[in-house]
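Participant: Residue numbers (full-length UniProt numbering): 1 to 405. For each residue, glycine too, the CB sits at the ideal point set by N, CA and C. All figures in this text were calculated on a predicted structure; none of them were measured in a lab. Okay, handing you the structure first.
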Ligand code: MLT
C-alpha cells in the first residue's frame, strides 16, 4: 500500500496566488465585459531587455550548430554567469564571494522551497508575519509545521509580527529558533531594514548558532542609501546566512526563469554530534542530484544583464516600476489611505479602510473597481486589515486603477 506524505493533507488546499487566480477567473467568467487591472501577483509586464534577447538569440543559434551545441551544463551554473555575479553583485559592493559559492538556478521560489532538504526536520523555523507563503508552506510540507491553528498559523513555526505599530521591524524571537527567514526589501509589505537593523539579526544568528535564509529578490529596487542590498554587507553574515537572488523582477525573467543562491563556504550548520559542517558542499550535492542546471540560453540572457546595455535597460525598467509605485503611494495617500513600502520596493502595503477585512476589501476592489490586489491576510494573521498592490502593471493601467479608486 502506498502512503502519501500526510503533511500535504494538513496544509491549506490551495496556494495563495492560485486561490486568487481562481477567484479572479470566476469573476471574469461571470462578468466577461469587466476590464480587469491586475495588481495582485508580482508578475512583471515590461518585456525582457533587448540585451538579453540578443544574447539569447545568439545562444539559440549556437545550440543549432554541431560545433557550438551544448548539452547538460554544470548543475551550479556556467562560469560566465557566476563570474559576472561575483564581480557585479558582490565585489562591486565590497563583498567577497567566490564563484563556487554561487549556485545558478531556475527561481528564488524553488530555492527557498528546496533549501530545507539540507536542514534537519527538527529545526525550529521563524518567519516574519506577514510572510511570503512559500517559506511556511514548504516547511509544513516537510513536516516542520506541527499543527495548523485556527488563525492559519502552524503551532511549531515561530511568527514574528510586522505591523505599522512596530514599523514592520520584527522583534528578536522570545524563544530559541534555528532557522530564520528574512526577506528584504520585504514581500509583501515593501518595507526594509537598515544595515543597523539587519546587523541585529546577524548577531542573533551568530550568538545562537542559527541560520538566516535571506531572500533578496527585490534588492534592485532599493533607492535609499542605508538599506543593504546583500546580507553579506553585514560583518560576519557569511558564517550564518544563505542569500537568494532573482532576475525575475529585475530583468523580467518571471516567465524565463533564472535566479541564484549564495551559500558561503563559511556558512555552517551542526550535525547530530554538534560538529560544525559547511552547508556549501551539501547544497552542491543536493543540486547535483536533483537539478540539471538552468538552460544555457537562459543563462546567456542573464549574463547580458551585466553588459553596459543590459544594466542601462534594467535601470530603466526598475525606474519605470518605481514610478508606478510612487503613483500608487501618492494617489492612495491623497485619498487619506495609510500606505507603506513602495520606495525601495515594487510593493505597496495599504491599510484597508473602515475596519474591513483584507478579503472583504479585496472583493470590493475586484467587484466594484475591477482591480485585483492581494489580501494581506493571505500572507499571515498580521496581514489582516491590509492589502498589497504591485507596481508591475503598465503606467497607463496603474494611473487608471488609481483613478478608479
Ligand atoms: C508575489 O506576488 O508575491 C510573487 O510574485 C510571488 C513569487 O515571486 O513567487
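Under a three-way DSSP split, which group does residue 38 fall into?
Facilitator: strand
Participant: My assumption, with CB atoms under 8 Å, is that residue 186 sits in contact with residue 214. Please give the rounded CB distance.
Facilitator: With 8 Å as the limit, residue 186 and residue 214 do not qualify as a contact, their Cβ atoms being about 12 Å apart.
Participant: Just to confirm my understanding: we take residue 244, look at its own chain, exclude 5 residues before and 5 after, and list those with CB closer than 6 Å. What are they?
Facilitator: 108, 111, 112, 215, 261
Participant: What is the residue span of the alpha helix (DSSP H) that residue 215 lies within?
Facilitator: Here residue 215 belongs to no alpha helix (DSSP H); instead the beta strand (DSSP E) covers 211-215.
Participant: Between residue 380 and the rest of its own chain, which residues show a CB-CB distance below 6 Å, the 5 nearest in sequence each way excluded?
Facilitator: 129, 130, 131
Participant: For residue 247, does the three-state DSSP call read helix, strand or coil?
Facilitator: Three-state result, residue 247: coil.
Participant: Measuring CA to CA, which of 155, 41, 321 is closest to residue 188?
Facilitator: 41
Participant: How many angstroms separate the CA atom of residue 258 from the CA atom of residue 94?
Facilitator: Their backbone Cα atoms lie some 24 Å apart in a straight line.
Participant: Rounded to whole angstroms, what's the CA-CA distance from residue 263 to residue 220? Just pull it up for me.
Facilitator: 20 Å
Participant: For residue 223 versus residue 314, is the C-beta distance shorter than 8 Å?
Facilitator: No, the Cβ-Cβ distance between residue 223 and residue 314 is not below 8 Å.
Participant: Take the Cβ of residue 61 as the centre, count every other Cβ of all protein chains shown within 10 Å, and call the residue buried at 16 or more, exposed below.
Facilitator: exposed
Participant: With a threshold of 7 Å (Cβ to nearest heavy atom), would residue 43 be considered close to the ligand MLT?
Facilitator: yes
Participant: Over what stretch of residues does the alpha helix (DSSP H) that includes residue 115 continue unbroken?
Facilitator: No alpha helix (DSSP H) contains residue 115, which DSSP labels as neither H nor E.
Participant: Helix, strand or coil for residue 162? Go by DSSP, reduced to three states.
Facilitator: coil
Participant: Residue 230: buried (16+ other C-beta within 10 angstroms of its C-beta) or exposed?
Facilitator: buried
Participant: Let me check you understand the geometry: is the CB of residue 109 closer than 7 Å to at least one non-hydrogen atom of the ligand MLT?
Facilitator: Yes.
Participant: Please indicate yes or no: does the CB of residue 291 lie closer than 7 Å to some heavy atom of the ligand MLT?
Facilitator: no
Participant: I'd like the span of the alpha helix (DSSP H) that includes residue 44, first residue to last.
Facilitator: Here residue 44 belongs to no alpha helix (DSSP H), and DSSP marks it neither H nor E.
Participant: I need the straight-line Cα distance from residue 26 to residue 34, nearest angstrom please.
Facilitator: 12 Å
Participant: Please classify residue 103 as buried or exposed, where buried requires at least 16 neighbouring CB atoms within 10 angstroms.
Facilitator: buried
Participant: On the DSSP letters alone, give me the boundaries of the alpha helix (DSSP H) that residue 318 sits inside.
Facilitator: 308-334
Participant: Residue 174 and residue 124 - do their beta-carbons sit closer together than 8 Å?
Facilitator: no
Participant: Please say whether residue 106 and residue 294 have beta carbons closer to each other than 8 Å?
Facilitator: yes
Participant: List the DSSP bridge partners of residue 375.
Facilitator: Per DSSP, the beta bridge partners of residue 375 are 387.
Participant: Can you say whether residue 227 is buried or exposed, counting buried as having 16 or more other CB atoms within 10 angstroms of its CB?
Facilitator: Buried is the label assigned to residue 227, since at least 16 other Cβ atoms lie within 10 Å of its Cβ.
Participant: Can you give me the Cβ contacts of residue 404 inside the same chain, cut-off strictly under 8 Å, excluding the 5 residues immediately before and after it?
Facilitator: 37, 369, 370, 371
Participant: Please go through the same chain and pick out, in chain order, the residues whose beta-carbon is closer than 7 Å to the beta-carbon of residue 12, but skip the five residues on each side of it.
Facilitator: none
Participant: Whether or not the stretch 52-67 and the stretch 296-305 are in contact is what I'm after, with contact meaning three or more pairs of Cβ atoms, one per stretch, closer than 8 Å; do they touch?
Facilitator: yes
Participant: If you scan the stretch 54-122 from start to end, which runs of the alpha helix (DSSP H) of 4 or more residues do you find wholly inside it?
Facilitator: 79-84, 108-114
Participant: Taking residue 49 and residue 236 to be in contact with their CB atoms under 8 Å, please state how far apart those CB atoms are, rounded to whole angstroms.
Facilitator: Not really, about 35 Å apart at Cβ, beyond 8 Å.
Participant: Helix or strand or just coil, what does DSSP make of residue 176?
Facilitator: coil
Participant: Does DSSP classify residue 393 as helix, strand or coil?
Facilitator: For residue 393, the three-state secondary structure derived from DSSP is coil.
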